[in-house]
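Some notes on the structure that comes next.
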Amino acid sequence: MTRIASTPRPKGETRPPAPTIADFGNQRIVLRGVGKDVYALLDEAIGPGQHVRLACDGEDIELMTTSDLHEILKGLLGRFVDVISIEFEIDQVAVGEKTWKTKRTDRGLQADLSYYFEPAKITMARKGFRRKSMNPADYPSAPDLTIEIDSSRPQIDRPSIYAALKAFEIWRFDGTYVRIEQLQPDGTYLAVKRSRFLPVTAEQIRRWILDDEASDGQAWVRRLTQWARRLRRRK
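Here this note's numbering is used: position 211 in the sequence shown is 1388, and no number is missing along the way.
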């Protein structure tokens, strides 16, 4: 079983920061002991863009439908990554809800958002894009950073799937906290304070995503951009 260390609360904080989101309205269905063949059939049948996240840990399959609230939060997190990347001139390629599968195709999942940051992966992805290739072999087989939005506990072993894929960093937002988890040499994920790929902490991400004014997307992006510029000048 993959170990995940919890992120301690900031010093002096005695209760979760407000505001929080108790429930994203997502629905889960779990199929036990059906294996990779059923997973492959479901993955092909559902296809992209259906607001259904599908995952298989080698034995069990989980299907999760996502709510409008979930998708709005996903958009905020995606814009957060884009603004920070632009302001700090950090190259990356976003691949959204791409389905990731292990080489044996017995495990796989969809993250809410996925990114390449390593130069070799960026180069490979852009070459595939320039050719407008539909062949998965023309693109990297694992993300560098993934983002997961979930207020309830997954019913299958998602961390072990990420570990098998060798996805280095995962941001998890549960409606109250953001956790940044990084892959360790022993195949477990450990919560850390700061991202490897972007110069931000878990608490900074949480504050921006739970900002009361985030409902005004354009104003939110402008404030985030100004903050990122000030942050860069202090570096």
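Cβ atoms here follow ideal geometry from the backbone N, Cα and C, with glycine treated the same way.
- Taking all protein chains shown into account, Arg1335 has 16 or more neighbouring C-beta atoms within 10 Å of its C-beta and is therefore buried.
- Residue environment for Arg1410: exposed (fewer than 16 other C-beta atoms within 10 angstroms of its C-beta).
- Of the other Cβ atoms in all chains shown, 16 or more fall within 10 Å of the Cβ of Phe1350; this residue is therefore buried.
- Counting along the chain, the unbroken beta strand (DSSP E) around Lys1278 starts and ends at Thr1276 to Lys1278.
- By the C-beta density criterion, Leu1360 is buried, having at least 16 other C-beta atoms within 10 angstroms.
- With contacts defined by Cβ atoms closer than 8 Å, Ala1405 and Ile1261 form a contacting pair.
- Comparing C-alpha distances from Arg1399 to each of Glu1236, Phe1257, Tyr1316 and Pro1331 shows the shortest one belongs to Phe1257.
- Taken atom to atom, the span from the alpha-carbon of Val1211 to that of Ile1333 is near 13 Å.
- Per DSSP, the beta-bridge partners of Ile1357 are Trp1348 and Val1369.
- Listed in chain order, the non-local C-beta contacts of Met1301 below 7 Å within the same chain comprise Tyr1316 and Pro1317, local neighbours out to five positions each way being set aside.
- Remark: three or more beta-carbon pairs, one from each stretch, lie closer than 8 Å, so the segment 1263–1281 and the segment 1340–1356 are flagged as touching.
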